[in-house]
Amino acid sequence: MLSPDLSSYMDSVLRESIDQIQLDRDYISANQKTQWKDIVKKMALYIRSIVSELYKADMNFVVTNPLDQSRETIDVMVGRVQANLCSRFPQSPPFTIHHLVNTLKFSTPGDLLPPNLSLEDLVDLSKGLTSYKVRSINLITKEDSFGHAENVFHSVPRSLNGNTSTRLANVYAVRFLRVIDRIVSVQSNVDEVNSDLKKCRSQANCSDDKPSSDVTDSIRMTQISWIAEDVNSPKRPNAEPADTDRVIKRSKSITKLKHKSTSDDKAESLESLGDKGGV
1 MLSPDLSSYM
11 DSVLRESIDQ
21 IQLDRDYISA
31 NQKTQWKDIV
41 KKMALYIRSI
51 VSELYKADMN
61 FVVTNPLDQS
71 RETIDVMVGR
81 VQANLCSRFP
91 QSPPFTIHHL
101 VNTLKFSTPG
111 DLLPPNLSLE
121 DLVDLSKGLT
131 SYKVRSINLI
141 TKEDSFGHAE
151 NVFHSVPRSL
161 NGNTSTRLAN
171 VYAVRFLRVI
181 DRIVSVQSNV
191 DEVNSDLKKC
201 RSQANCSDDK
211 PSSDVTDSIR
221 MTQISWIAED
231 VNSPKRPNAE
241 PADTDRVIKR
251 SKSITKLKHK
261 STSDDKAESL
271 ESLGDKGGV
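What follows is the structure in C-alpha cells.
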C-alpha cells in the first residue's frame, strides 16, 4: 500500500499533466498540452475514484468535524472538495498545485496510507488518538524522518451507542480528503501569483531612475523653535514665560560647572601667589 498503482484511476491526459507539473514544480501553461479548465474536471473525478476505488471507503460513513461537531457523509465530503476545486479555480490552478499533485500521487511523505496494514482492518474509534505521527527534517542532510509520539492529552471518550469499530479504509479516506480540502482552501491561483511577482520585478528594475528633485520626497532637518528657553512649548500654549532665574536643567548644570571651574581657577591663583609671598 505504500506505492499504489494509480494508472487505472486516471487517463493519459491527466497523467501527462500531473507529470509535467511535478517536473516543473509548478503549473506552466506553456508546457501543458491541455488547458486547465479541462484538467480540473478530470482531477475532480480522480479524487472520487481514489476514495471509492482505491480506499474502497463506505460513502455513507458519517464524518464528524472535531471543531464544530458538524457531520457529513464521505460522499458529501467528496462532493464539497470537488466543488471547491472546480468553482474556485476554473481557469487557473491554485498556487498550491505542486503540493496538490504530489498528494494526489501519494508522492508527499505523510500518513495517507496505513503502513504494513490492510485497509480492511478494523479500528475502534472510541479509543481516541493515543499517538500521532511526528515529522522531523535533518538540517544537514535535508532528509525527512517520521516517528510516533504519544498523545499526552489522550482520554477515552464516553461510550458511544452502537458499533464504534470501522474499517481503516474510512479513516484514511477521510484523512486524504481533509488534506486535499486544506490544499485547495486558498484564495490565489497561479496566474494571480505570477502577475504579482511580475509587478514586483518591474518595480525592482525601475529602481535605477534618477532621484527626484522634489524636496517633499526627501528628509530635511529643521530647527525646533520652542527648544529655546524664551519660547514656550506648543503643547503648553497658555504657560507663563519662563523666569530668568529658572533655566533648562542642562543649561543650569552647565552654568554651575562654569562657575565652579572659575572659582577653582581663582583659588589656585591665590594659593600660588601666597606660596610666592611666603618664599
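Heads up: the sequence shown at position 1 corresponds to 1 in the UniProt record's numbering, and the numbers run straight through without jumps. Using N, Cα and C, we set each Cβ at its ideal position, and we do this for glycine too.
Cα separation between residue i and residue j?
{"i": "Thr96", "j": "Arg182", "result": "10 Å"}
{"i": "Pro114", "j": "Leu168", "result": "8 Å"}
{"i": "Lys105", "j": "Ile219", "result": "56 Å"}
{"i": "Leu6", "j": "Leu100", "result": "15 Å"}
{"i": "Val13", "j": "Ser107", "result": "19 Å"}
{"i": "Cys200", "j": "Val193", "result": "11 Å"}
{"i": "Gln82", "j": "Lys142", "result": "34 Å"}
{"i": "Lys198", "j": "Ser8", "result": "40 Å"}
{"i": "Asp75", "j": "Val179", "result": "16 Å"}
{"i": "Lys41", "j": "Asp144", "result": "33 Å"}
{"i": "Gln187", "j": "Ile28", "result": "19 Å"}
{"i": "Tyr55", "j": "Asp19", "result": "23 Å"}
{"i": "Ser87", "j": "Arg135", "result": "33 Å"}
{"i": "Asp223", "j": "Ile137", "result": "Reading the sequence as shown, one finds Gln at residue 223 and not Asp. Rounded to the nearest angstrom, the two C-alpha atoms are 57 Å apart."}
{"i": "Gln203", "j": "Arg80", "result": "40 Å"}
{"i": "Ser118", "j": "Arg175", "result": "16 Å"}
{"i": "Ala149", "j": "Arg15", "result": "36 Å"}
{"i": "Met221", "j": "Ala30", "result": "54 Å"}
{"i": "residue 285", "j": "Gln69", "result": "As shown, the chain starts at 1 and ends at 279. That puts residue 285 outside it, with no answer to give."}
Could you tell me the boundaries of the beta strand (DSSP E) in which residue i lies?
{"i": "Thr166", "result": "165 to 167"}
{"i": "Arg71", "result": "71 to 73"}
{"i": "Val101", "result": "Val101 -> not in any beta strand (DSSP E); alpha helix (DSSP H) instead, spanning 97 to 104."}
{"i": "Val13", "result": "Looking at the DSSP string, Val13 is not in any beta strand (DSSP E); the run it does join, the alpha helix (DSSP H), is 12 to 24."}
{"i": "Val63", "result": "62 to 64"}
What does a CB cutoff of less than 7 Å around residue i pick up in its chain, not counting 5 residues either side in sequence?
{"i": "His98", "result": "Ile21, Arg25, Asp26"}
{"i": "Ser17", "result": "Gln32, Thr34, Ile39"}
{"i": "Lys37", "result": "Pro90, Gln91"}
{"i": "Thr64", "result": "Arg71"}
{"i": "Asn189", "result": "Phe89, Ser92, Pro93, Pro94, Phe95"}
{"i": "Glu53", "result": "Tyr9"}
{"i": "Val62", "result": "Arg71, Thr73"}
Apart from the five residues on each side of it in sequence, which residues of its chain come closer than 8 Å, Cβ to Cβ, to residue i?
{"i": "Leu122", "result": "Ser165, Thr166, Arg167, Leu168"}
{"i": "Asn102", "result": "Gln22, Thr108"}
{"i": "Arg158", "result": "Residue placement at Arg158 cannot be trusted, given a pLDDT of 46 that sits under 50; what the coordinates show is reported in the next sentence. Around Arg158: no qualifying Cβ."}
Grab me the residues of residue i's own chain with a C-beta within less than 6 Å of its C-beta, minus the 5 sequence neighbours each way, in chain order.
{"i": "Asn161", "result": "Note that Asn161 scores 45 on pLDDT, short of 50, meaning its location in the model is unreliable and no value can be drawn from it."}
{"i": "Asn60", "result": "Thr73"}
{"i": "Asp111", "result": "Lys133"}
{"i": "Arg48", "result": "Val78"}
{"i": "Met10", "result": "Tyr46"}
{"i": "Gly147", "result": "Val134"}
Considering residue i, what are the terminal residues of the alpha helix (DSSP H) in which it resides?
{"i": "Asp38", "result": "36 to 49"}
Assuming residue i and residue j make a contact with CB atoms under 8 Å, what is their CB distance in whole Å?
{"i": "Cys173", "j": "Ala57", "result": "According to the sequence as given, residue 173 is Ala; it is not Cys. Ala173 to Ala57, Cβ: 4 Å. Contact."}
{"i": "Ser92", "j": "Asp191", "result": "4 Å"}
{"i": "Val184", "j": "Leu67", "result": "Not really, about 18 Å apart at Cβ, beyond 8 Å."}
{"i": "Leu139", "j": "Val51", "result": "Not quite, the Cβ-Cβ distance comes to about 36 Å (not below 8 Å), so this is no contact."}
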